[in-house]
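Asker: The sequence shown lines up with residues 3 to 326 when you count with our numbering. Have a look at the structure that comes next, please.
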Amino acid sequence: MLPSESQFGWERDGRFCARSPRRDFLKATAAISAAWTATTTLEAASSPEQAALPQTRIGPHSISRLICGANPFNAGSHLSVFVNRQMREYYTPEQIFKTLRRCQEVGINTWQSSSRNFELYRQFVDSGGTMHFLSIESAKTAALLPELAKGGCVGVAHHGEVTDQLFKQGKLDEVADFLKRVHDAGLPAGISTHMPAVVDAVESKGWQLEYYMTCVYERHRSREELQKLLGHVPIPVGEVYLESDPPRMYQAMRNTRRPCLAFKILAAGRLSERAGWVEQAFRQTLESTKSIDGIIIGIYDRYSDQAAEDAAFVRRYAALSRQL
């Protein structure tokens, strides 16, 4: 039986904690977050120079190596329905704009989402926002590509869930048709995936594309795959995050000379319980990947200045990335 929502406290990215009553936990978290945020925010934004972030390129566009993701904005925690509800409550359009403006202040110049949020992005731009927009789409939404290009989108990747399904079905070549449609719309094209084997397969095909989006955890293994790999199936069955996964994806990212944008480096919030775990995840990602690679991170800034915290980690460890 699951505890009631009132028995939980919150951690970064909406992670619940059942070790103390909600009220006491939030009091403790507020004190910890205040101290941690004070340090990282001063480091991140005490001057315009400090707010600058290392850049990479997607086609002709200069993209910060730290990119704001969209899952928290869309109430997609990959944790629980309780976290989803809290994210939905918090992220009104006004709050999304506030978070995006904070991202700009600390040097994050790109928002990665999909066409479902493109109208909101245009409203943000019309209100004075200057961030780039990267989208993920599939054949089902390919008709929107000209609209995305006209509205200021700077790149479109084939949706990772669909990519992986096609790969497992032996139909990966269908993605090539999508890439052509993206290019025909005048946009840089990418492929998103949760599987290192997909990156390796695409590289062997010699397709024309500008970038990858690479989930560092292969989170959608079937029951049969988990049984074969682990000898058992964890309960509850759902998204399983294995610490042996990131090194495999990092190797695939290093095997290509194209920019790769790593995502879910915090295991969809599961590594957010301790500040040290968050920092280690950023360091591991940056030192294990190329200097042209980046990180897409979901930001849930209800209790701390996560945009500034994450930007500080990227500035701190970006120099450890491997040169081509």
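Every residue, glycine too, gets a C-beta built ideally from N, C-alpha and C. What you are looking at is a predicted structure, and each value in this text was computed from that prediction instead of being measured.
Let's see if you can read the secondary structure: which residues bound the alpha helix (DSSP H) around Tyr123?
Answerer: Its alpha helix (DSSP H) spans residues Phe120 to Asp128.
Asker: Could you please give me the residues that DSSP links to Gln57 through a beta bridge?
Answerer: Gln57 pairs with Ser66.
Asker: Take the Cβ of Ile110 as the centre, count every other Cβ of all protein chains shown within 10 Å, and call the residue buried at 16 or more, exposed below.
Answerer: buried
Asker: Going along the chain, which residues of its own chain have a beta-carbon closer than 6 Å to the beta-carbon of Met251, five neighbours each way excluded?
Answerer: Pro198, Thr216 and Val218
Asker: Take every Cβ of the region 198 to 208, pair it with every Cβ of the region 247 to 262, and state whether three or more of those distances are shorter than 8 Å.
Answerer: With a cut-off of 8 Å, the region 247 to 262 and the region 198 to 208 count as touching, because enough Cβ pairs lie within range.
Asker: Taking the alpha helix (DSSP H) that Thr287 falls in, what are its first and last residues?
Answerer: Ala277 to Ser290
Asker: Our contact map puts Gly157 next to Ile298 with C-beta atoms below 8 Å; I'd like the distance itself, whole angstroms only.
Answerer: So it is not a contact: roughly 12 Å between Cβ atoms.
Asker: For the region 99 to 119 against the region 132 to 140, are there 3 or more C-beta pairs whose distance is under 8 Å?
Answerer: yes
Asker: Ala187 to Leu147, Cα distance in whole Å?
Answerer: 6 Å
Asker: In terms of residue numbering, what span does the alpha helix (DSSP H) encompassing Ile98 cover?
Answerer: Segment Pro95 to Glu107, the alpha helix (DSSP H) holding Ile98.
Asker: Short check: CB of Phe75 to CB of Ile98, under 7 Å?
Answerer: yes
Asker: Buried or exposed: Pro50, going by 16 or more other Cβ atoms within 10 Å of its Cβ?
Answerer: Legend: pLDDT at Pro50 = 46, less than 50; position of this residue unreliable, value from coordinates given subsequently. Exposed, because fewer than 16 other Cβ atoms sit within 10 Å of the Cβ of Pro50.
Asker: What residues in its chain sit with their C-beta under 6 Å from that of Thr42, if we drop five residues either side in the sequence?
Answerer: Since pLDDT at Thr42 reaches only 43, below the 50 mark, its modelled position is unreliable, and the value read off the structure follows with that caveat. Closer than 6 Å at the Cβ level, and outside the excluded window around Thr42, lie Ala310, Glu311 and Ala314.
Asker: Whose CA, out of His80, Gly162, Arg67 and Lys100, lies closest to the CA of Ser293?
Answerer: Arg67
Asker: Who are the Cβ neighbours of Arg324 in its own chain at under 6 Å, not counting the five residues just before and after it?
Answerer: Lys292
Asker: Report, in whole angstroms, the separation of the C-beta atoms of Val242 and Arg225, which I expect to be a contact under 8 Å.
Answerer: The pair is not a contact, with the Cβ atoms about 10 Å apart (cut-off 8 Å).
Asker: With H, G and I counted as helix, E and B as strand and the rest as coil, what does DSSP make of His185?
Answerer: It is helical.
Asker: Are the Cβ atoms of His80 and Ala270 separated by less than 7 Å?
Answerer: yes
Asker: Classify Gly11 as helix, strand or coil using the three-state DSSP reduction.
Answerer: Model confidence at Gly11 stands at a pLDDT of 38, short of 50, so the residue's coordinates are unreliable; what they give is reported in the following sentence. Reduced to three states, the DSSP call for Gly11 is strand.
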